[in-house]
Structure formats: C-alpha cells, structure tokens
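Residues in the sequence shown are numbered consecutively from 535, following the working numbering.
A virtual CB, placed ideally from N, CA and C, is assigned to each residue, including glycine.
Quantities reported herein were computed from a predicted structural model and do not represent experimental measurements.
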Amino acid sequence: MGYTHYYNIQNWDSPEWTRAWPQLIHDVPSIISTAKIPLQHAEDTTDEEIPPQPPLVDIKKGIKLNGVEDEGYEDLILSRDSRKWNVKTNRRPYDKVVACVLLRAYMLAPGEFRLRSDGYWDYEDEWGVVRELYGRIWPGEEIKRPWREEEDDGVGEADDVEKSDFMG
C-alpha cells in the first residue's frame, strides 16, 4: 500500500481558509529552504535533458512538489482545482517537507483543513522529524496534533471526519 498522508480542505471559500491560504503560500518556501531536501515541480518528467524545475508555490496555481528523481514518489498537490486529497511518499526524504506543509496548513486553518496519516505522531522518524522541522521555523508555537491520540494507529480519522472526506 505505502506510506500516505490524507488531507482535505473543507471549504476553499471559508473566511478561515481564505486567510490561511496566502499565509501558507508565504510559509512554504521557508519549509523548503529549512529542510534542505532536493525538490522539484510535481509535473516534471524524468527527461535528462531538461533540468528539474523548482516546486510550484503560487497563490493562484497552488502548491505542487515532489522529491527529485528516485527520491520522489507521488506529487503533493494543493490547489483549488485538484481533486487529489492524498500523497503517498513511501517515507522518501521529501516526506518531511510534504508533512510539514500539511501540518502548517492544519495549524493555520484547523477548522477547514483535515489531516491524517499512515504515520505515527510520536515516532521520531515519522512525525517527530516533521515536528522538529516545524519547531525550527516557528519556535515557540504550540504544535497541535491533527488527529485524535486514540486514532494514532496510523490510520485514524482527523477529528470527527469520515474517511470519505479524504477521498477525491
């Protein structure tokens, strides 16, 4: 199956999300630069003659990124037009960036952004490294767990959201 994160924006036009989205777009470059993990635009091909393009982080076009070459897996796509609400990273290095972007989205709009993961919140090599990265960028900010503790079996729903809320 693979290591996957599931997410959903309940309402792109809600006041909470319309405030959070520009801030998320502003914050993603800080996540990328702090993580120091090679990334590329999600739609890049493996054409060796064309160098990888940087991740897309744009208020209108959205966020699209992946790891570079064999260090990538599935694309993270966050955009109004996307109907893809999960990203399988297979624990590749770029997972730390993907998970931190998703965590930041949740922290900015906890009422509108739903997040759950196959990963364990308390495992150092899963969400522990993500929380550490987040804490370096936003020190002193209390990090909230996006899903209930009793659901930290790696497959629980965030809050009271049905699994269908994560499907596109």
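Query - Three-state class that DSSP yields for K598 in the structure shown - result: Three-state DSSP puts K598 in a strand.
Query raised in the report: Between R638 and I565, which are expected to be in contact by the criterion C-beta below 8 Å, what is the C-beta distance as a whole number of angstroms?
Result: Going by Cβ atoms, the distance from R638 to I565 rounds to 7 Å, so yes, they are a contact pair.
Query raised in the report: Around the C-beta of H539, are 16 or more other C-beta atoms found within 10 angstroms, so that it is buried, or is it exposed?
Result: With 16 or more other Cβ atoms within 10 Å, it is buried.
Report task. Give me the Cβ distance between V713 and P572, rounded to the nearest whole Å; I'm assuming they're in contact under 8 Å. Result -> The requested residue 713 does not occur in the structure, where the chain is confined to residues 535 to 702.
Report task. Just grab the DSSP bridge partners of L707 for me. Result -> The chain is shown only over 535 to 702; residue 707 falls outside these bounds and no answer can be derived.
**Report entry** R665 versus M641 - alpha carbon distance
**Finding:** If you take the alpha carbons of R665 and M641, they lie about 12 Å apart.
Query - Boundaries of the alpha helix (DSSP H) in which I565 is found, first to last residue - result: Its alpha helix (DSSP H) spans residues P549 to A569.
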